Amino acid sequence: MACDMEIAVIGAGPAGLAAGLTAARLGRRAALFEHRAIGGQIATAAHIDNYPGFPSGGSGPDLAFAILDQARGHGLEHRGDEVKAVRVEHGHFTLATTGESVRAGAVILAMGSRRRPLGLVRESELSQGRGVSTCATCDAPFHRDRPVTVVGGGDTALDEALCLAQHCSRVTVVHRGDRVRAAHPLRSRAEESERIDFIAHTEIVALLGEETLTGVRLRDQTTGEETDWPTDALFVCIGGIPNSELVRDLVDVNDVGRIVVDPLCLQTRTPGLFAAGGVRVGSTRKVIGCVADGCVTAGEADKFLGQR
Ligand SMILES: Cc1cc2nc3c(=O)[nH]c(=O)nc-3n(C[C@H](O)[C@H](O)[C@H](O)COP(=O)(O)OP(=O)(O)OC[C@H]3O[C@@H](n4cnc5c(N)ncnc54)[C@H](O)[C@@H]3O)c2cc1C
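Residue numbers (the numbering used here): 33 to 340.
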């Protein structure tokens, strides 16, 4: 039976966008499925400063839309549907989506990851616009001239802190190590900011407030001492959970749910099913690495289809 498309790409973060662009440039009938913002995580990244060729950096959304426009120019179809299930049937893949079901000869999984919650009591309740957030770009203006807190010590935490520092009176970054582990340029910019300060070897053990968040309880990991810290909002940036649940019966995953792939061709244990970017084991989880994965997987999917 003929397929609706040759290559289906799930997810329009940097990996999926680059996969869609490469597949379309190779002349394949390709479609990109994304039900949320184009760009995935970079849709909220105010400043990407490690992408080659852009020494002054640039905005995440601008980069994402530039790749999408380029890909569409080569014939990539963008569908605003969520993929709900992937099945292998009679030598092709069937994707059940929130729109119509489609058949594809090869599939590239580029579903990335979602933010990991702290796992504290009332966190999900307070995440409904009541003081706990995972998106500084979206929510910073609601806390103008107010003190806010960021939890986490990686690149994302400092990117969020720098964004918040443009709006909020004080940004406190709470992290567990001696020093934040973010990349040097981000760390320097955050350390130089007059509005950002750091609380080291500390974790957040409770969220305070009734209707909305009014503070967090900090625990010093060295002394065990607990302190209530008033804050207008908490931004949670403690890593991600890979979005691999969709294909758990078709792929192997590691202990944290990242998809296992052949390290050379990025194919999963199911022939014709490839994984790119942050959803796979061994990803750099940097934009440049995800883009490279997109390019590799589309090239391998093209070869796979050519050998059938
Ligand atoms: C605030 C912030 C700043 C950052 N800054 C930098 C930086 O400066 N430099 C850098 O190198 N990295 C940066 N990163 C990290 C970088 O953005 C990620 O590593 C990268 O976006 C991962 O790309 P990805 O394509 O694998 O997945 P993601 O970006 O996570 O995108 C995955 C996409 O798949 C979609 N999806 C998932 N499941 C489905 C489904 N079933 N159907 C349809 N679509 C689906 C999601 O909606 C999402 O849009 C930053 C991240 C954040 C959050």
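Every residue, glycine too, gets a C-beta built ideally from N, C-alpha and C.
Every value quoted in this text rests on a predicted model; they were computed, and no experiment measured them.
Span of the beta strand (DSSP E) around residue i
i, result
"His110", "Glu109 to Arg111"
"Asp252", "Gly247 to Asp252"
"Leu64", "Ala62 to Phe65"
"Ala40", "Met37 to Ile42"
Given residue i as reference, the closest of the options once Cα atoms are compared
i, options, result
"Glu223", "Phe97, Glu155 and Asp191", "Asp191"
"Asp281", "Asp210, Val292, His216 and Ile273", "Val292"
"Leu296", "Gly289, Gly314 and Arg249", "Gly314"
"Thr76", "Asp94, Ser88 and Asp252", "Asp94"
"Ala333", "His216, Ala189, Gly52 and Ser165", "Gly52"
"Arg60", "Asp36, Ile42, His67 and Pro46", "Asp36"
"Ala324", "Arg178, Phe336 and Leu298", "Leu298"
"Gln339", "Val120, Gly310 and Pro303", "Pro303"
"Gly186", "Gly271, Ala40 and Glu38", "Gly271"
"Arg178", "Val203, Ser159 and Cys167", "Val203"
CB contact flag (residue i, residue j, <8 angstroms)
i, j, result
"Gly326", "Ala308", "yes"
"Gly90", "Ile99", "no"
"Ala69", "Cys195", "no"
"Thr263", "Thr316", "no"
"Ala238", "Leu152", "yes"
"Gly45", "Gly144", "yes"
"Asp260", "Arg251", "no"
"Ile42", "Thr329", "no"
Start-to-end residues for the alpha helix (DSSP H) that takes in residue i
i, result
"His216", "His216 to Glu224"
"Phe97", "Gly92 to Gly105"
"Lys335", "Val319 to Gly338"
"Leu190", "Asp187 to Ala197"
"Ala56", "Pro46 to Arg57"
"Glu242", "Element bounds for Glu242: n/a, residue is neither H nor E."
"Ser363", "Because the chain in this structure spans residues 33 to 340, residue 363 falls outside the shown range and cannot be described."
"Ser159", "Ser159 -> no alpha helix (DSSP H), and no H or E assigned at all."
Per DSSP, cross-strand counterpart(s) of residue i
i, result
"Pro179", "Arg202"
"Thr234", "Asp252"
"Glu121", "His124"
"Phe306", "Ile140 and Gln299"
"Arg147", "Gly272"
Could you pull out every unbroken alpha helix (DSSP H) segment of at least 4 residues lying fully inside the segment 254-300, listed in chain order? Annotation note: the segment 254-300 contains no uninterrupted alpha helix (DSSP H) run of length 4 or greater.
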